[in-house]
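*Asks:* This structure is in structure tokens; I'll ask about it shortly.
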Amino acid sequence: MTTNHSARVGRAPDDRPEDERNRGDRGGERVPDRDGDDPSELVGEALELGYPTTEEPVAEVERIDLPAGEITALVGPNGSGKSTLLKALARQLEPDAGSVSLDGVHVETFGNKAFARRLGLLAQENEAPGGISVEELVYHGRYPHRSFFDAVDEEDEAAVDRAISLAGVEHLRDESVANLSGGQKQLAWIAMVLAQQTDVLLLDEPTNHLDLHHQLRVMDVVETINDEHGVTVGVVLHDVAQAARYADNLVALKEGSVYDWGPPGEVVTDQLLEEVFGVSATVGFGEYGPTIVPHEPLEE
């Protein structure tokens, strides 16, 4: 039942000189900022992805679409290529072949800051400078909108206040990031990415290592920015049931290729869990979408 489908994302590295890439970063670059309030879509096509240490591609994806204004979750077992694919979509990994486009424009044509004004990425591992407060961290999210010598203005202040409010960390504004719990830190990092005010947001396993309460807090924030602000979201998740609960679309990966994609109610099946995740399970349907009752691991 292997099908190649679509989801939207991406951009490739920009090898122009730094001064050319960042020319006019408060205003126009070679690719102008997007006008209008319509959500954006991200598309990768004919992608072959690998690393210098690997002889064979880690992932080969005919097409992946992150539909505009929707949440798309990438799921699959460890080593299936989820994070590698997300890096390519976020222009953190240059494809060996293929391309990534944002609203029909190849991502390699964007300057660094212009791209950061359009797409935000929350990586799997993040480390804040020592002693920095939550508010100071969130202000770092404003870097695509300012030059090095620009003072903070009212627009920056409003964006930071909005991001802190959306992430629900107002009570932590003056706290040192180093003193926060794992879940609180993740919400603070999400606030920083929200301060970029992008219309596409990619998150790599944002609920990893969090307790259930903070997993749901993080995913509720993701759902809110999508529902209320039309942000296009691509998120890598390990928990298939959680992905099905929050996402409009699932992309299931197996051994570096797309096994299936579509609405959670169509993708999450007993067969998917058996063939992709190697478990015997029963899939049911509840108020919040598919439910999964695992039975036992299958022989490899």
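First residue of the sequence shown? That's 1 in this note's numbering, and the numbers climb one at a time after it.
Here a beta-carbon is modelled for each residue, glycine too, at the ideal position from N, C-alpha and C.
In whole angstroms, what separates the C-alpha of G44 from that of S165?
*Replies:* Going by the C-alpha atoms only, they are around 33 Å apart.
*Asks:* Please report the straight-line C-alpha distance between L272 and A244, rounded to a whole angstrom.
*Replies:* Here the C-alpha atom of L272 lies approximately 13 Å from the C-alpha atom of A244.
*Asks:* Nearest-angstrom Cα distance between E56 and R162?
*Replies:* 44 Å
*Asks:* Take the Cβ of Y288 as the centre, count every other Cβ of all protein chains shown within 10 Å, and call the residue buried at 16 or more, exposed below.
*Replies:* exposed
*Asks:* Identify which residue in E157, G130, A241 has its Cα closest to the Cα of G141.
*Replies:* E157
*Asks:* Would you kindly report the start and end of the unbroken beta strand (DSSP E) that includes L115?
*Replies:* Note that residue 115 is Phe in the sequence shown here, rather than Leu. Counting along the chain, F115 falls outside any beta strand (DSSP E), though it belongs to the alpha helix (DSSP H) covering 112-118.
*Asks:* Do G131 and S176 have their CB atoms nearer than 8 Å?
*Replies:* Result yes, Cβ atoms of G131 and S176 sit closer than 8 Å.
*Asks:* Under 8 Å, do V193 and L122 count as touching if we go by C-beta distance?
*Replies:* yes
*Asks:* Which ranges would you report for the alpha helix (DSSP H) in the stretch 142-183 if only whole runs of at least 4 residues count?
*Replies:* 154-167
*Asks:* Would you call the CB atoms of L298 and V75 closer than 8 Å?
*Replies:* no
*Asks:* Here's the rule I'm using: 16 or more other beta-carbon atoms within 10 Å means buried, otherwise exposed. How should V58 be labelled?
*Replies:* buried
*Asks:* Is the distance from the Cβ of D204 to the Cβ of S40 below 8 Å?
*Replies:* No, they are not a contact pair.
*Asks:* Just how far apart, CA to CA, sit Q92 and L250?
*Replies:* About 22 Å.
*Asks:* Contact defined as beta carbons within less than 8 Å: I believe T84 pairs with L137. What is the distance between those atoms, to the nearest angstrom?
*Replies:* Actually they are not in contact, since the Cβ atoms of T84 and L137 sit about 27 Å apart, beyond 8 Å.
*Asks:* If you draw a straight line from the C-alpha of P77 to the C-alpha of I64, how long is it?
*Replies:* 18 Å
*Asks:* Would you tell me roughly how many angstroms separate the C-alpha atoms of E266 and F110, rounded to the nearest one?
*Replies:* 36 Å
*Asks:* Ordered along the chain, which non-local residues of its own chain (more than five positions away) have a Cβ less than 6 Å from that of M219?
*Replies:* Y246
*Asks:* Within the continuous beta strand (DSSP E) that includes G265, where are the two ends?
*Replies:* First-last for G265: 264-267, but that is the alpha helix (DSSP H), not the beta strand (DSSP E).
*Asks:* Would DSSP call T2 helix, strand or coil?
*Replies:* For T2, the pLDDT reaches just 40, beneath the cut-off of 50, and the residue's location in the model is therefore unreliable, although a value from the coordinates is still provided. Coil.
*Asks:* Identify which residue in G286, V134, L42, T54 has its Cα closest to the Cα of D96.
*Replies:* Measuring from the Cα of D96, the nearest candidate turns out to be T54.
*Asks:* Could you check what DSSP says for R63 in three-state terms: helix, strand or coil?
*Replies:* The three-state reading of DSSP puts R63 in strand, counting E and B together.
*Asks:* Determine the burial state of G286: buried for a count of at least 16 other Cβ atoms within 10 Å of its Cβ, exposed for fewer.
*Replies:* exposed
*Asks:* Taking 8 Å as the cut-off, does the stretch 97-116 touch the stretch 209-228 (at least 3 CB pairs, one atom from each stretch)?
*Replies:* no
*Asks:* In the structure shown, what three-state DSSP assignment does E296 receive?
*Replies:* strand
*Asks:* Between which two residues does the beta strand (DSSP E) holding N249 run?
*Replies:* 249-254
*Asks:* With DSSP as the reference, label Y259 as helix, strand or coil.
*Replies:* strand
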